[in-house]
Amino acid sequence: MTGLPPGFSSSGDVALDRRYRWASASLDAGEPFEACEVLRQTVEAAPGWAPAWKLLGDSLLANGAREEARAAYEHAAALDPEGRLGARLELARLGALGVRQAMQAGYVAALFDEYCDRFDAHLTERLGYRGPQTVLEASREVCVEMKRPFRFARTLDLGCGTGLMGEAIRPFTDVLTGVDLSSGMLAKARAKAVYDELAQGELVEFLRAQPRAGADLVVAADVLVYVADLQPVFSAARAALASSGLFAFTLQSCGAAEAPQGYRLGPDNRFAHAETYLRAWASSQGFSVAHLLSAVTRQDGGRDVEGFVLVLATA
Numbered sequence: 095m096t097g098l099p100p101g102f103s104s105s106g107d108v109a110l111d112r113r114y115r116w117a118s119a120s121l122d123a124g125e126p127f128e129a130c131e132v133l134r135q136t137v138e139a140a141p142g143w144a145p146a147w148k149l150l151g152d153s154l155l156a157n158g159a160r161e162e163a164r165a166a167y168e169h170a171a172a173l174d175p176e177g178r179l180g181a182r183l184e185l186a187r188l189g190a191l192g193v194r195q196a197m198q199a200g201y202v203a204a205l206f207d208e209y210c211d212r213f214d215a216h217l218t219e220r221l222g223y224r225g226p227q228t229v230l231e232a233s234r235e236v237c238v239e240m241k242r243p244f245r246f247a248r249t250l251d252l253g254c255g256t257g258l259m260g261e262a263i264r265p266f267t268d269v270l271t272g273v274d275l276s277s278g279m280l281a282k283a284r285a286k287a288v289y290d291e292l293a294q295g296e297l298v299e300f301l302r303a304q305p306r307a308g309a310d311l312v313v314a315a316d317v318l319v320y321v322a323d324l325q326p327v328f329s330a331a332r333a334a335l336a337s338s339g340l341f342a343f344t345l346q347s348c349g350a351a352e353a354p355q356g357y358r359l360g361p362d363n364r365f366a367h368a369e370t371y372l373r374a375w376a377s378s379q380g381f382s383v384a385h386l387l388s389a390v391t392r393q394d395g396g397r398d399v400e401g402f403v404l405v406l407a408t409a
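Anchor point for the sequence shown: position 139 equals 233 in this note's numbering, and the numbering is continuous, going up by one each time.
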C-alpha cells in the first residue's frame, strides 16, 4: 500500500505526503532501513500525523528495532484513539498490550470500508470462501437431528458485511436483520435487498438492544475472528434467542496450549479460538453444543485456514 490509509487526511504538506508514499513503497519493496530514515524526518516535521508514526513502527519492526517500533506504535495509538490504523494490534504482538484490548471497532470498520468494493469477488474467487454455505449446512443438520423444520421466524446476521450470509439464509427465514460496523459494507448489503432491517453498530451492543427472546436464529459467518473474548457475545446472543433457538457461526481454530486465555492473535490480525474454551464458554452462558466440527471456510496465501463451525442451542 503506497497511498494514505483510508479515512486519514493529508499531513497538510505535499512534500511530507510524498515522503510517506515513498517510504511506504520502500517498505513494500523490502527496504525498511531507507523507509525508517525518511519517516523519522517525517514525524519530526509532523509529530501529530498518526499514519506516519504507524508506518515508522512497521518499518522499524521490519528492521529489527523492536523497542523503537513499540515507541512509534504507542505514538500512533495515542493519535488514533479509534484504532483505525491497528497500532494496538502491533503493540499486543510486541507484548506491550493485552491481546483482549488490541482489536478496536474503528480498525474493523476502516478495514472493511476500504475492502467493500472488491469484497465479494475477492472472497469467493481468490480465497475460496464458503462461510455462509458452511453455516447453512451445519444449521440444517442440527434441525434434522432435532426433528424441527429448517425455517426461522426471525434471524439476526452478525457482521452481515455485503450480505453473503443473508443471501444464503433468506429463503429460510421470515424476517432477516443484519448488523455491521462498516457503512460501506452495509451499502452493498442494502443494494442486494435481502434484509428486512439493517443496522450499523457493534454486535454485542446490537444484540443487547434486541427484544429478549425475540429471535430464533443468530448467525455469524467469518465474523467472530475479530473478537477475542467470546463470552460477552455468547451471553448477548443467548438473551436475544427464544427457547430452542440456534446460534451458528464459524471461527478460526487453535490448540489450547497455544491459547491459555482461549484465544490468540494471529499474524493475519484475526483471532483463533480453542475448542476446550468454546465448550466451557457456551455452557456457562446456557447453551448446549449441538454441532462442532473442524471446517475450512477460506484460504490465505493459497493455504487452507483451519477453523470450526459451531451451532449452539438454547435450552
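Idealized CB from N, CA, C, for every residue including glycine.
Chain-order list of residues whose beta-carbon lies under 8 Å from that of residue i (same chain, five-residue window excluded)
i	result
Gly71	The structure shown does not extend to residue 71, since the chain is modelled only from 95 to 409, so the question has no answer here.
Ala172	none
Met95	Confidence in Met95 is poor, its pLDDT being 47 and thus under 50, which makes the residue's placement unreliable; the coordinate value appears in the next sentence. Excluding positions up to five away in sequence, the list reads Ser118, Asp122.
Trp375	Leu324, Gln325, Phe328, Gly356
Extent of the continuous alpha helix (DSSP H) to which residue i belongs
i	result
Thr228	225–239
Glu291	No alpha helix (DSSP H) contains Glu291, which is instead part of the beta strand (DSSP E) from 291–294.
Thr256	No alpha helix (DSSP H) holds Thr256; DSSP gives it neither H nor E.
Phe328	325–334
Gln135	126–139
Ser277	277–286
Ser153	144–156
Candidates the options, of which the one nearest residue i by Cα
i	options	result
Gly257	Ala232, Ala389, Ala285	Ala285
Leu340	Leu185, Ala368, Ala109, Val403	Val403
Asp207	Gln195, Glu219, Val405, Gly253	Gly253
Leu292	Gly260, Ala117, Asp310	Gly260
Glu352	Val399, Tyr371, Tyr114	Tyr371
Glu231	Gln393, Gly395, Leu386	Leu386
Thr228	Leu406, Cys348, Ala342	Ala342
Leu297	Thr136, Arg248, Ala330, Leu205	Ala330
Ser233	Glu131, His216, Val313	Val313
Tyr143	Asn157, Glu168, Leu155, Ser120	One detail in the question is off: residue 143 reads as Trp in this sequence, not Tyr. When each option's Cα is compared against that of Trp143, the closest is Glu168.
Own chain partners of residue i with C-beta closer than 6 Å, once the 5 adjacent residues on each side are dropped
i	result
Tyr357	Ala322, Phe365, His367
Phe213	Thr256
Cys237	Phe244
Val288	Gly257, Gly260, Glu261, Arg264
Endpoints, the beta strand (DSSP E) within which residue i is located
i	result
Gln198	Note, Gln198: premise wrong, no beta strand (DSSP E); not H, not E.
Asp310	309–314
Arg248	246–252
Thr271	267–274
Opposing strand residues paired with residue i [DSSP bridges]
i	result
Tyr114	Answer is none; Tyr114 lacks a bridge partner.
Arg397	Asp394
Ala342	Val313, Val405
Phe365	Leu359
Phe300	Looking at the DSSP assignment, Phe300 forms no beta bridge with any residue, so it has no partner.
Gln386	Note on identity: in this sequence residue 386 is Leu, with Gln being the wrong assignment. Its beta-bridge partners are Leu404.
Ser120	The partner list for Ser120 (beta bridge, DSSP) is empty, contrary to what the question assumes.
Phe381	Thr408
Whole-Å CB distance - residue i paired with residue j, under 8 Å assumed
i	j	result
Ser153	Leu133	6 Å
Arg164	Ala129	The pair is not a contact, with the Cβ atoms about 17 Å apart (cut-off 8 Å).
Arg112	Tyr223	Not confirmed; about 37 Å, so no contact.
Ala307	Leu335	7 Å
Ala203	Leu250	About 19 Å separates the two Cβ atoms, so there is no contact after all.
Asp107	Gly225	43 Å between Cβ atoms; not a contact.
Contact set for residue i: own chain, Cβ-Cβ below 7 Å, skip 5 residues either direction
i	result
Arg397	none
Leu318	Leu324, Val327, Phe343, Leu345
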